[in-house]
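Numbering-wise (my numbering), the sequence shown opens with residue 8 and increments by one.
Notes follow the structure.
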Amino acid sequence: MRILIIAMLIVTTISFSNTVTQTDWSGGAGVQGPVMNWGETFYSTDGNLSVISEVLKLAVQLIVPVEHTVDGEFDYAYSVYAADIDGDGDADILGAALGAMEGIAWWENTDGTGTSWTEHTVDEEFGDAYSVHATDVDDDGDMDVLGASNSAHDITWWENTNGMGTIWTEHTIDENYDHALDVHAADIDGDGDVDVLGASNGADDITWWENTNGTGTSWTKHTIDGNFDCAYSVHATDVNGDGDIDVLGAALIADNISWWENTDGTGTLWSKHTIDGNADGARDVYSADVDGDGDTDVLGAIRYDDDITWWENSNGTGTSWTEHTIDGSFDAARSVYSADVDGDGDMDVLGAAVNADDITWWENTNGTGTSWTEHIVDGDFDGANSVYSADIDSDGFMDILGAASHDNDIAWWKVSGYTSVGTLESSILDAGTVDSWDTFAFNHLEPSGTSVGYQFRSSQDSSNMGVWSDTVFTSTSLSGILADSTDFLQYKVILQTADPQITPVLEDLSFIYSTYGTATEETNTAEILFWGLTPVANPSFGSLAIQVSSPHQAMVDIMLHDITGRVIARQQQELPEGTNSVSLGNLAEGVYFCTMHAENFTTTERVVVLK
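This is the structure in structure tokens:
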């Protein structure tokens with residue numbers, strides 16, 4: 008039996024060092040506090056912050072599509088395209104209309120953000136215009152315009168005479184191209200200038216015209232296929248990876264998606280390869296590397312099958328194809344296009360459906376084209392006939408454009424973006440009876456182009472926390488930032504990134520502070536009555552030793568942090584009753600914080616190491 012002899016009890020007011028830490032925010036928002044500990048909850052966020060594996064990070068955010076009408080009175084708008092027509096560095100919009108007195112027009116992106124437009128007519132007498140395209144036909148450094156007219160049977164280009172899109176000179180390429188429906192441009196013969204391709208409904212033709220003198224004033228016609236029943240769409244790309252330009256086509260009545268191999272690379276010898284001979288009402292064709300394997304795949308809009316489909320170039324040479332349906336109920340699929348809409352590095356797919364009145368894009372969820380997530384951009388775009396994508400507002404993200412024949416609309420939608428700044432406010436912490444706020448420390452990951460900042464505020468009235476401190480970006484002393492003897496604490500984290508593919512990550516943060524308390528001391532006693540942590544020497548000169556007082560045998564956890572919050576040393580051991588010496592090793596010069604946890608007791612001491 009142990010007898011405790013006490014000669015005198017002395018009750019004194021002393022200051023205890025404490026640490027409060029938050030490492031987990033997975034409990035979500037909504038707890039304003041005051042709370043006795045932060046646990047895993049917080050008060051609120053502003054911006055798109057996510058919790059992953061109990062750490063806090065920014066996340067890319069897809070926004071709700073926002074429609075911007077470019078022209079709501081473009082009679083029977085049928086085709087849309089985008090290019091920098093006036094050479095000012097932003098994307099302008101072109102349209103082709105079937106209605107009278109519309110023809111071919113372009114809209115100047117006046118302020119570069121897509122919110123202010125000025126219409127310019129290219130040719131209002133080019134009636135029944137089914138298709139519009141833009142490229143530098145005459146190689147003078149500015150954008151010219153191409154068009155296909157169904158009723159006029161014309162393939163035409165307009166020279167951007169002054170380079171600003173306000174003066175145009177018409178050049179007819181072919182005025183007898185029976186029911187011309189589509190026009191495209193590419194260097195078919197590999198001679199360095201731009202040639203022109205067309206699809207003819209009446210002649211059942213896929214054709215290219217050689218830019219004979221390279222200036223667009225002399226053309227030589229070459230028929231690629233004169234028996235492609237109801238040829239509706241034409242596109243050019245290197246399908247087989249041999250370095251020259253091949254041609255793709257869609258035929259409505261033939262129900263055919265095909266490509267023609269540019270056998271000799273000069274466009275004079277062609278070999279036909281059928282991709283799909285059972286595509287009921289093949290209406291549009293396009294190409295992209297959908298599965299990210301480095302070769303060219305093919306996409307199609309199949310009107311009567313209601314399909315948006317892509318065909319995998321299985322062997323990379325265009326002789327073996329695997330069909331993948333993206334959407335099999337896209338009513339009267341009319342137009343297809345591909346772009347990286349969400350900025351994640353793979354190719355997504357866009358479509359326009361004339362009966363469904365839909366402009367839609369499908370997210371390439373796994374990057375290989377075998378898993379798709381549908382995002383309806385506009386489900387009430389009456390007579391959606393054409394879809395395209397470009398960065399209209401110059402923010403680095405692809406926007407979506409559409410032409411609606413029944414709405415008489417040319418429009419664009421902002422559909423994606425990212426949160427460049429996200430903030431989180433903690434719950435208000437009741438820290439007890441605070442003597443002084445001492446130090447703030449954290450662990451975070453901050454890749455190049457990102458930052459993590461912190462603000463704080465403390466108050467003696469939790470209903471009026473006052474103003475936030477200036478933003479700090481390093482671990483810091485809280486002296487002069489937070490007032491002494493203020494018991495309530497709140498912090499704000501500000502995460503920023505300049506790149507949606509890179510995010511900062513907050514792992515944990517800590518506040519070290521002192522509180523008032525009472526301790527009972529005894530004289531002439533044979534037993535230690537309270538816990539304690541005392542550096543043997545402060546400052547220490549290299550080797551750091553700590554004295555730990557324990558009222559009974561117990562497990563004690565001692566951690567040493569540097570000024571950034573990084574754990575330098577840690578010892579967990581069972582210590583006997585009494586005063587014990589614990590060595591934390593030979594340390595580099597600097598300021599450290601030593602924290603002791605034992606049962607319900609926690610304390611922290613600031614120690615300095617000198618050399």
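Glycine included, each C-beta is placed from N, C-alpha and C at the ideal position.
Remember, predicted model here, so these are calculated numbers, not experimental data.
(request) Compute the distance between the beta-carbons of G325 and I309, then report whether it is under 7 Å. (result) no
(message) On the DSSP bridge list, what partners appear for E612?
(response) C601
(message) Using a 10 Å radius around the Cβ and a threshold of 16 neighbouring Cβ atoms, would you call P583 buried or exposed?
(response) exposed
(message) I need the straight-line Cα distance from G572 to T122, nearest angstrom please.
(response) 48 Å
(message) Comparing C-alpha positions only, which one of V87, Y395, A411, D245 sits nearest to Y344?
(response) Y395
(message) Alpha carbons only, please: which of Y599, E109, E182 is nearest the one belonging to W226?
(response) E182
(request) State yes or no: is the C-beta of A193 within less than 7 Å of the C-beta of Y239? (result) no
(request) Answer yes if the stretch 212–228 comes into contact with the stretch 135–152, meaning at least three C-beta pairs across the two stretches below 8 Å, and no otherwise. (result) yes
(message) Which same chain residues end up closer than 6 Å to I174 when comparing Cβ atoms and leaving out the 5 residues on each side of it in sequence?
(response) T168
(request) May I ask you to report which of helix, strand or coil DSSP gives R341? (result) strand
(request) Let me know the secondary structure DSSP gives S412 once reduced to three states. (result) coil
(request) Work out the CA separation of D506 and H191 for me, nearest whole Å. (result) 34 Å
(message) Just to confirm my understanding: we take S321, look at its own chain, exclude 5 residues before and 5 after, and list those with CB closer than 8 Å. What are they?
(response) S327, W328, T329
(request) Report all residues from its chain with a CB closer than 7 Å to the CB of Y293; omit the five preceding and five following residues, and keep chain order. (result) H242, L306, V343, Y344, S345
(request) Count the other C-beta atoms from every protein chain shown that fall within 10 angstroms of the C-beta of T303, then say buried if there are 16 or more, exposed otherwise. (result) buried
(message) Helix, strand or coil, according to DSSP, for I519 in the structure here?
(response) strand
(request) Hey, could you find the ends of the beta strand (DSSP E) A258 is sitting in? (result) 253–258
(request) Please decide whether S466 counts as near chain C, where near means a Cβ-Cβ distance under 7 Å. (result) Structure shown: chain C not included; a single protein chain is present.
(request) With a 10 Å radius around its C-beta and 16 neighbouring C-beta atoms as the bar for buried, classify L436 as buried or exposed. (result) buried
(message) Once the 5 residues before and after Q619 are set aside, which same chain residues still bring their CB inside 6 Å of it?
(response) Given that the chain is displayed from residue 8 to residue 618, the structure contains no residue 619 and the question cannot be resolved.
(message) Just list the residues that DSSP pairs I315 with in beta bridges.
(response) A308, D334
(request) Just tell me which of A360, L408, N371 has its CA closest to the CA of G386. (result) A360
(request) Spell out a yes or no on whether the stretch 431–445 and the stretch 94–105 are touching, meaning 3 or more CB-CB pairs, one atom from each, closer than 8 Å. (result) no
(request) Count the CB pairs spanning the stretch 111–130 and the stretch 147–159 that are closer than 8 Å, and state whether there are at least three. (result) yes
(request) Pick helix, strand or coil for A544, following the three-state DSSP scheme. (result) coil
(message) Within the continuous beta strand (DSSP E) that includes H127, where are the two ends?
(response) 124–130
(message) Can you tell me whether P511 is buried or exposed? The criterion is at least 16 other CB atoms within 10 Å of its CB, across all chains shown.
(response) buried
(message) Is it buried or exposed, A319, if we count other Cβ atoms within 10 angstroms and call 16 or more buried?
(response) First, the amino acid is wrong: residue 319 is Glu here, not Ala. The residue in question, E319, is buried, as its Cβ has 16 or more Cβ neighbours within 10 Å.
(request) Indicate the three-state DSSP secondary structure (helix, strand or coil) for T224 in the structure shown. (result) coil
(message) Applying the 10 Å Cβ sphere with the 16-neighbour rule, what's the burial state of S557?
(response) buried
(request) Pick helix, strand or coil for A526, following the three-state DSSP scheme. (result) In this predicted model, A526 has a pLDDT of only 45, less than 50, meaning its place in the structure is not dependable enough to derive any value.
(request) Could you check what DSSP says for R290 in three-state terms: helix, strand or coil? (result) strand
(message) Please give the ranges of any alpha helix (DSSP H) in the stretch 349–383, keeping only runs that are unbroken, at least 4 residues long and fully inside the region.
(response) none
(request) Pull up the DSSP beta-bridge partners for R577, would you. (result) M566
(message) Taking the alpha carbon of C237 as the reference point, which residue from V71, I252, D189 has its own alpha carbon closest?
(response) D189
(request) Measure the CB-CB distance between D616 and S547 and report whether it falls below 7 Å. (result) Before going on, a small fix: residue 616 reads as Val here, not Asp. Yes, these two residues count as a Cβ contact at 7 Å.
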